[in-house]
Amino acid sequence: MKYAYYPGCSLQESAREFDVSVRAVMDALGVELIDIPDWTCCGASAAEPVSALMNYALPARNLALAEQELPGLDVLAPCSACYLNLLKVNREVVGTRNLHARVNEALGASGLNYRGTVGVRHILDVLINDIGLEAIKERIVNDLGEMRVSSYYGCQILRPYEVFDDPRHPVSMDNVLSALGAKPLPWDMGNKCCGASLMVTHPEVAMHSVAAILEGAEGSDAVATVCPLCQMNLEAYQHDSAAGGHHVPILYLTQLMGLAFGLEEPSVLLDKNMSMDGSMRAGIRSRAWRHEAPGEGDETLARET
Amino acid sequence: MTREILEELRGEIGACMQCGTCTASCPNGFAMDITPRQMWRMVQFGMLDRILESRTFWMCSSCYMCTLRCPRGLKLTRAMGALKRLARQRGTWKIRKNSAFYDAFMENVEKYGRVQETSLMPGYFLKSRDPLLPLHYLPLGVRMMRAGKLHAPSSAQKGRLKELFAKVREMEEES
Numbered sequence: 560m561k562y563a564y565y566p567g568c569s570l571q572e573s574a575r576e577f578d579v580s581v582r583a584v585m586d587a588l589g590v591e592l593i594d595i596p597d598w599t600c601c602g603a604s605a606a607e608p609v610s611a612l613m614n615y616a617l618p619a620r621n622l623a624l625a626e627q628e629l630p631g632l633d634v635l636a637p638c639s640a641c642y643l644n645l646l647k648v649n650r651e652v653v654g655t656r657n658l659h660a661r662v663n664e665a666l667g668a669s670g671l672n673y674r675g676t677v678g679v680r681h682i683l684d685v686l687i688n689d690i691g692l693e694a695i696k697e698r699i700v701n702d703l704g705e706m707r708v709s710s711y712y713g714c715q716i717l718r719p720y721e722v723f724d725d726p727r728h729p730v731s732m733d734n735v736l737s738a739l740g741a742k743p744l745p746w747d748m749g750n751k752c753c754g755a756s757l758m759v760t761h762p763e764v765a766m767h768s769v770a771a772i773l774e775g776a777e778g779s780d781a782v783a784t785v786c787p788l789c790q791m792n793l794e795a796y797q798h799d800s801a802a803g804g805h806h807v808p809i810l811y812l813t814q815l816m817g818l819a820f821g822l823e824e825p826s827v828l829l830d831k832n833m834s835m836d837g838s839m840r841a842g843i844r845s846r847a848w849r850h851e852a853p854g855e856g857d858e859t860l861a862r863e864t
Numbered sequence: 045m046t047r048e049i050l051e052e053l054r055g056e057i058g059a060c061m062q063c064g065t066c067t068a069s070c071p072n073g074f075a076m077d078i079t080p081r082q083m084w085r086m087v088q089f090g091m092l093d094r095i096l097e098s099r100t101f102w103m104c105s106s107c108y109m110c111t112l113r114c115p116r117g118l119k120l121t122r123a124m125g126a127l128k129r130l131a132r133q134r135g136t137w138k139i140r141k142n143s144a145f146y147d148a149f150m151e152n153v154e155k156y157g158r159v160q161e162t163s164l165m166p167g168y169f170l171k172s173r174d175p176l177l178p179l180h181y182l183p184l185g186v187r188m189m190r191a192g193k194l195h196a197p198s199s200a201q202k203g204r205l206k207e208l209f210a211k212v213r214e215m216e217e218e219s
């Protein structure tokens, strides 16, 4: 199995643990990732408010490069915003004659052209549909031992385009986590918005969303994410009283996969997560939740009733 | 240009039947001065000045919940993006402040090809013209530095998007 890999800017910057763990996990699963040569930014959620054409031209440039340099391969994008921006080109530009011509006219300035033949895939899609849960289970060395995890999907991999999961009641990440031996907790915040870039432009508004999500995750050993912006928003403000004073590790799904596959902590960069401290890392190492502390039995009962 | 965007928008959401599902679905509705439902009515009526006074579309975080649920299948999140572009044409002080982050982001992309976070944020601080803003980010910056999350800007893709930006600018000025 082989994919044209589009890491995106965040994964080269503050979310390197996502990039490193994606590569490590894919390698362990025997999947080959080939970086799209010379890739550039997809525009994230900033291009649309500035330029209607740039909003499509930026992601289209990367698809044009993949089409030309890595023909026949689907593009794998781990970041939600990258994934949606690339997907939008296939759904909104290809097949709309005027717009497609305009986008290609813009790309033509640097000698590129996108015909529209490249499939765009999110990592969750690839994990459940191409690799499959059985192959994931086979690779497990040290399962997650009923770790209680809340699956946080965020928005843009589920909406507006329904591709690999139910946008109202997503289950793909729960299924991967169950395969790893974890215990996904039922909650209704998994597809709610974290505020995205509103956390920069109007933090007082985004903080409401973050507080509600963190509150919903209470009782979890960790929250699993597949988006660098969700991950950052959920972990960066846990010190802020406006976020409700909830402390829970926010990990990438691929970091949890790596740990279950028996990879060492440095190979999934567990030290880069700001919501983690040394004792939490030790807890994960020893699968601490397998052993209830004395007196905690009553709490478990209370939680279940 | 402003009228053109508004006309296009009127076409896109002309079928809105004012059911209010968008308003009920919006996670940021509490921070808006005009509900999304009312906003679409104002667009249908072409009430440009009232629209531009509103902060509603700046509160959109592109979660696509309204787009998913709209019984008419209207691309409402995309319409919120178009309203942001519409407002940028007007460029009052308030609007410039609201679009400062997007502008700084795109300038960073144009310059570096890939977003460089450590140069994006100072660019945003400058554009926002709020001298206290960097202080707000100081504690987070320190924690990010400790976790090894801050990196000096990389020039690997510098200037790679120069032609694309120039061409798009030229095409958008023509139309």
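From first to last, the protein sequence lines stand for chains A and B.
Numbering (this note's numbering) for the first sequence: 560 to 864.
Numbering (this note's numbering) for the second sequence: 45 to 219.
C-beta atoms are modelled at their ideal positions from N, C-alpha and C, and glycine is treated no differently.
Note that this is a predicted model, so its numbers are computed, not measured.
Quick one: which chain A residues come within Cβ less than 8 Å of residue i?
| i | result |
| --- | --- |
| Ser199(B) | The contacting residues do not exist; Ser199(B) stays about 13 Å from chain A at best. |
| Thr136(B) | Here the premise fails: no neighbours, minimum Cβ distance about 15 Å. |
| Thr121(B) | Pro719 |
Nearest chain A C-beta to residue i closer than 7 Å, yes or no?
| i | result |
| --- | --- |
| Cys107(B) | yes |
| Ala75(B) | yes |
| Ile159(B) | The amino acid occupying residue 159(B) in the given sequence is Val; Ile does not appear at that position. Output row for Val159(B): interface = yes. |
| Phe149(B) | yes |
| Arg173(B) | no |
| Tyr146(B) | yes |
| Thr100(B) | no |
| Val87(B) | no |
| Leu112(B) | yes |
| Met83(B) | no |
Using a threshold of 6 Å, is the CB atom of residue i nearer than that to any non-hydrogen atom of the ligand ADP?
| i | result |
| --- | --- |
| Arg674(A) | As for the ligand ADP, it is missing from this structure, which has no ligand bound. |
Assuming residue i is part of the beta strand (DSSP E), what are its boundary residues?
| i | result |
| --- | --- |
| Asp586(A) | No beta strand (DSSP E) holds Asp586(A); the alpha helix (DSSP H) holding it covers Arg575 to Ala587. |
| Lys138(B) | No beta strand (DSSP E) contains Lys138(B), which is instead part of the alpha helix (DSSP H) from Trp137 to Tyr156. |
| Lys119(B) | That residue, Lys119(B), is in no beta strand (DSSP E); it is neither H nor E in DSSP. |
| Leu635(A) | Val634 to Ala636 |
| Asp559(A) | One cannot answer for residue 559(A) here, as it falls past the ends of chain A, which runs 560 to 864. |
| Tyr561(A) | According to the sequence shown, residue 561(A) is Lys rather than Tyr. First-last of the beta strand (DSSP E) with Lys561(A): Lys561 to Tyr564. |
Listing by chain order, which chain B residues have their CB less than 8 Å from the CB of residue i?
| i | result |
| --- | --- |
| Ala755(A) | Ser105, Ser106 and Cys107 |
| Lys831(A) | Ala191, Gly192 and Lys193 |
| Asp597(A) | Gln201 and Arg204 |
Please list the partners that residue i has in chain B, where partner means a Cβ-to-Cβ separation under 7 Å.
| i | result |
| --- | --- |
| Ser669(A) | Glu207 and Leu208 |
| Glu607(A) | Gly125 |
| Met613(A) | Val212 |
| Asp620(A) | It is Arg, not Asp, that sits at residue 620(A) in the sequence shown. The contacting residues are Leu208. |
Under a CB-based cut-off of 7 Å, is residue i close to chain B?
| i | result |
| --- | --- |
| Ala795(A) | yes |
| Cys572(A) | According to the sequence shown, residue 572(A) is Glu rather than Cys. Output row for Glu572(A): interface = yes. |
| Thr864(A) | Below a pLDDT of 50, predicted positions are generally treated as unreliable, and Thr864(A), at 47, falls in that range; no measurement from the model is reported. |
| Val827(A) | no |
| Thr813(A) | no |
| Met816(A) | no |
| Ala616(A) | yes |
| Val604(A) | Strictly speaking, residue 604(A) in this sequence is Ser, with Val absent from that position. True, the Cβ-Cβ gap to chain B drops below 7 Å. |
| Ala665(A) | yes |
| Val807(A) | no |
| Arg718(A) | yes |
| Pro787(A) | no |
| Thr760(A) | yes |
| Val700(A) | no |
| Cys600(A) | yes |
| Val584(A) | no |
Using a C-beta to C-beta distance shorter than 7 Å, which residues of chain A count as neighbours of residue i?
| i | result |
| --- | --- |
| Pro71(B) | Lys751, Cys752 and Ser768 |
| Glu216(B) | Ser610 and Leu612 |
| Leu118(B) | Going along chain A, no residue has its Cβ under 7 Å from Leu118(B), so there is no contact; the nearest lies around 11 Å. |
| Ser163(B) | Ordered by position in chain A, no residue passes the 7 Å Cβ test against Ser163(B), which lies about 11 Å from the chain. |
| Leu184(B) | Ala795 |
In the DSSP assignment, find the alpha helix (DSSP H) that holds residue i and state where it starts and stops.
| i | result |
| --- | --- |
| Arg844(A) | Gly837 to Arg844 |
| Ser610(A) | Taken as a continuous stretch (DSSP letters only), Ser610(A) belongs to no alpha helix (DSSP H), as it is neither H nor E. |
| Ser172(B) | Glu161 to Ser172 |
| Tyr181(B) | Leu177 to Arg190 |
Taking C-beta pairs closer than 9 Å, name the residues in chain B that residue i reaches, listed in chain order.
| i | result |
| --- | --- |
| Gln627(A) | Neighbours of Gln627(A) on chain B: none; closest Cβ ~15 Å, over 9 Å. |
Report the neighbours of residue i on chain A: residues whose CB is nearer than 9 Å to its CB, in chain order.
| i | result |
| --- | --- |
| Arg187(B) | Ala795, His798 and Met833 |
| Thr65(B) | In chain order: nothing, as chain A lies at least about 13 Å away. |
| Arg132(B) | Pro608 and Val609 |
For residue i, which residues in chain D fall below 7 Å Cβ to Cβ?
| i | result |
| --- | --- |
| Lys128(B) | Judged by its chain identifiers, the structure shown contains no chain D, and its protein chains are A and B. |
| message | Check whether the segment 799-814 of chain A and the segment 828-846 of chain A are in contact - that is, three or more C-beta pairs closer than 8 Å. | response | Yes, the segment 799-814 of chain A touches the segment 828-846 of chain A.
Across the segment 574-588 of chain A and the segment 623-633 of chain A, are there enough close Cβ pairs to call them in contact, namely three or more that are closer than 8 Å?
With a cut-off of 8 Å, the segment 623-633 of chain A and the segment 574-588 of chain A do not count as touching, because too few Cβ pairs lie within range.
TODO: Starting from the N-terminal side, write out each stretch of the beta strand (DSSP E) that is 3 residues or longer and does not extend beyond the segment 787-838 of chain A.
DONE: The DSSP assignment places complete beta strand (DSSP E) segments of no fewer than 3 residues inside the segment 787-838 of chain A at 809-811, in order along the chain.
Practice problem: Ignoring anything shorter than 4 residues or poking outside the segment 47-73 of chain B, list the alpha helix (DSSP H) runs there in chain order. | Solution: For the segment 47-73 of chain B, the continuous alpha helix (DSSP H) assignments of 4+ residues that do not extend past its boundaries occur at 65-69, in sequence order.
Practice problem: Please list the segments of the alpha helix (DSSP H) lying wholly inside the segment 720-771 of chain A, counting only runs of 4 or more residues, in order along the chain. | Solution: List check, alpha helix (DSSP H) in window: 731-738 and 757-760.
message = Three or more C-beta pairs under 8 Å: does that hold for the segment 143-157 of chain B against the segment 168-187 of chain B?
response = Enough Cβ pairs lie closer than 8 Å, so yes.
Okay, do the segment 722-733 of chain A and the segment 758-777 of chain A touch, 3+ Cβ pairs below 8 Å being the bar?
Between the segment 722-733 of chain A and the segment 758-777 of chain A there are fewer than three C-beta pairs closer than 8 Å, too few to call the two in contact.
Does the pairing of the segment 76-87 of chain B with the segment 96-104 of chain B give three or more beta-carbon distances under 8 Å? Flag = yes, the segment 76-87 of chain B and the segment 96-104 of chain B touch.
Exercise for review: Ignoring anything shorter than 3 residues or poking outside the segment 620-681 of chain A, list the beta strand (DSSP E) runs there in chain order.
Suggested key: List check, beta strand (DSSP E) in window: 634-636 and 679-681.
Fill in: Sufficient close CB pairs (3 or more, under 8 Å) joining the segment 573-583 of chain A to the segment 89-96 of chain B
No contact exists between the segment 573-583 of chain A and the segment 89-96 of chain B.
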